[in-house]
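Enquirer: Following this message is one structure expressed as structure tokens.
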Amino acid sequence: MSRTNFQELLDAGAHFGHLARKWNPKMAPYIFDQKNGIHIIDLHKSVVKIDEAAEVLKEMARSGRKVLFVATKKQAKDVVAEKAAAVNMPSVTERWPGGMLTNFPTIRKAVKKMNTIDKMKEDGTFEKLAKRERLQVERQRAKLEKNLGSIRDMSRLPSALFVVDVQKEANAVKEANRLNIPVIAMVDTCCDPTPIDYVIPANDDATKSIALVMEVLCNAIQEGLEERKLEKEKEAQEQPAPAEEAAAPAKKLRPRRAAKVEVAEEAPQAE
């Protein structure tokens, strides 16, 4: 059973593409028709592609991997930040920090700097600074929070990227391609789908369309997270009790110690 359907996508306006004169010919397989100079996306194909992407994301969540959501355009940023946070996934919704993936250690240093400022506030060091220094540190902290706050818990490179508007987020896509990180993206009729591993043909300008796709994908991630939790609980139940584990090696060690003593006693007799 599909996670979404033709009617839901139609109601959300996911079928509206861009002006026909601005189209990218590589999107031809996903275009159904042209109406009033605007391309209409084939929503039957969108349903299939959304399901495919959802299964990939569910499997990633089930294996404990992180997916980075990227959407800095006005119509997408709020809904993407909210949905990603709900499933505990990192997101970039303000500005793509150049080299975020290809120069990840530097980004981690910036995040550590932010954490250090927070610790200074907790242990009282911050209050001992001069007023001017405090102001500078506060500004620095606010800037870091704005750009990197949503990825502060991302200790390693993501296993995949989800992107809204591949033209606007071209730098993010390029970095992911360079590092062979799979890219899942909403791709409109004016975009090139070639660098995208999992293309979701849909209107990437309408908030309703973005919200629907995000909801379906995040529900799949939630399923994966719940399955992972159940698997861990099952493993914990199947593991032997600590008392049994401690007793097992003790039994094996006794005969070995005895064997060593016997050899030591027999050695002088042989001489």
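Letter by letter, the sequence shown follows residues 450 to 720 in our numbering. Just so it is clear, CB atoms sit at the ideal spot from N, CA and C, and this is done for glycine as well.
Using the DSSP secondary-structure output, state which residues sit across from Q483 in a beta bridge.
Expert: Indexing the sequence shown from 1 puts residue 483 at position 34. DSSP lists H488 as partners of Q483.
Enquirer: Can you tell me whether DSSP reads G598 as helix, strand or coil?
Expert: Residue mapping note: residue 598 aligns to position 149 of the sequence shown, counting from 1. G598: helix per DSSP, three-state reduction.
Enquirer: With 16 as the cutoff for other CB atoms within 10 Å, does P642 come out buried or exposed?
Expert: Counting from one through the sequence shown, the residue named residue 642 turns up at place 193. Around the CB of P642, 16 or more other CB atoms lie within 10 Å, so the residue is classed as buried.
Enquirer: Would you mind giving the Cβ-Cβ distance between L492 and L459, rounded to the nearest angstrom? I have them listed as a contact below 8 angstroms.
Expert: Translated into positions along the sequence shown, residue 492 becomes position 43. Translated into positions along the sequence shown, residue 459 becomes position 10. Indeed they touch by this definition, with Cβ atoms about 6 angstroms apart.
Enquirer: Run through the DSSP bridge pairs and tell me what S540 is partnered with.
Expert: Reading the sequence shown from its first residue, position 91 is the one you call residue 540. In DSSP, S540 forms a bridge with F518.
Enquirer: Using the DSSP secondary-structure output, state which residues sit across from V622 in a beta bridge.
Expert: Numbered from its first residue, the sequence shown carries residue 622 at position 173. V622 pairs with nothing; no bridge assigned.
Enquirer: Given a cut-off of 8 angstroms, decide if N473 and C640 are closer than it, judged by their beta-carbon atoms.
Expert: The residue you call residue 640 lines up with position 191 of the sequence shown. The residue you call residue 473 lines up with position 24 of the sequence shown. Yes, the pair counts as a contact, with Cβ atoms nearer than the cut-off.
Enquirer: So, do the region 583-602 and the region 536-550 have three or more beta carbon pairs nearer to each other than 8 angstroms?
Expert: yes
Enquirer: So for A719, helix, strand or coil by DSSP?
Expert: Counting from one through the sequence shown, the residue named residue 719 turns up at place 270. Low per-residue confidence applies at A719: pLDDT is 43, beneath 50, and the placement is therefore not dependable, though the value from the model is reported in the following sentence. Residue state, collapsed to three classes: helix.
Enquirer: Cutting at 6 angstroms between CB atoms, please list the residues of its own chain near F465, excluding the five before and the five after it.
Expert: Position 16 of the sequence shown, counted from the first residue, corresponds to residue 465. Cβ-Cβ distances below 6 angstroms link F465 to N652 in the same chain, with the five nearest sequence neighbours on each side left out; the list follows chain order.
Enquirer: Is it the case that the region 511-519 contacts the region 670-683, given that we only count it when at least three CB pairs across the two stretches are under 8 angstroms?
Expert: In the pairwise beta carbon analysis, the region 670-683 is classified as touching the region 511-519: at least three pairs are separated by under 8 angstroms.
Enquirer: From the DSSP secondary-structure annotation, give me the bridge partner or partners of V613.
Expert: As a working mapping, residue 613 is identified with position 164 in the sequence shown. BP columns for V613 point to M635.
Enquirer: Drop a sphere of 10 angstroms on the beta-carbon of D637, count the other beta-carbons inside from all chains shown, and report buried for 16 or more, exposed for fewer.
Expert: Walking along the sequence shown from the start, residue 637 turns up at place 188. Residue burial is scored here from C-beta neighbours: D637 has at least 16 other C-beta atoms within 10 angstroms and is therefore classed as buried.
Enquirer: Kindly indicate the opening and closing residues of the alpha helix (DSSP H) around I630.
Expert: As a first step, residue 630 must be located in the sequence shown, where it is residue number 181. Element bounds for I630: n/a, residue is neither H nor E.
Enquirer: Just mark S451 as buried or exposed, buried being the case when its beta carbon has 16 or more other beta carbons within 10 Å.
Expert: Translated into the one-based positions of the sequence shown, residue 451 becomes position 2. That one is exposed.
Enquirer: Tell me which residues share the same chain as E676 and place their Cβ nearer than 7 angstroms to its Cβ, disregarding the 5 neighbours each side in the sequence.
Expert: Position 227 of the sequence shown, counted from the first residue, corresponds to residue 676. The answer, listed in chain order, is R511.
Enquirer: Please determine if the region 601-614 and the region 516-526 are in contact, where contact requires at least 3 C-beta pairs separated by less than 8 angstroms.
Expert: The region 601-614 makes contact with the region 516-526, as at least three CB pairs between them are under 8 angstroms.
Enquirer: What does a CB cutoff of less than 6 angstroms around K471 pick up in its chain, not counting 5 residues either side in sequence?
Expert: Reading the sequence shown from its first residue, position 22 is the one you call residue 471. Excluding sequence neighbours, K471 sits near C639.
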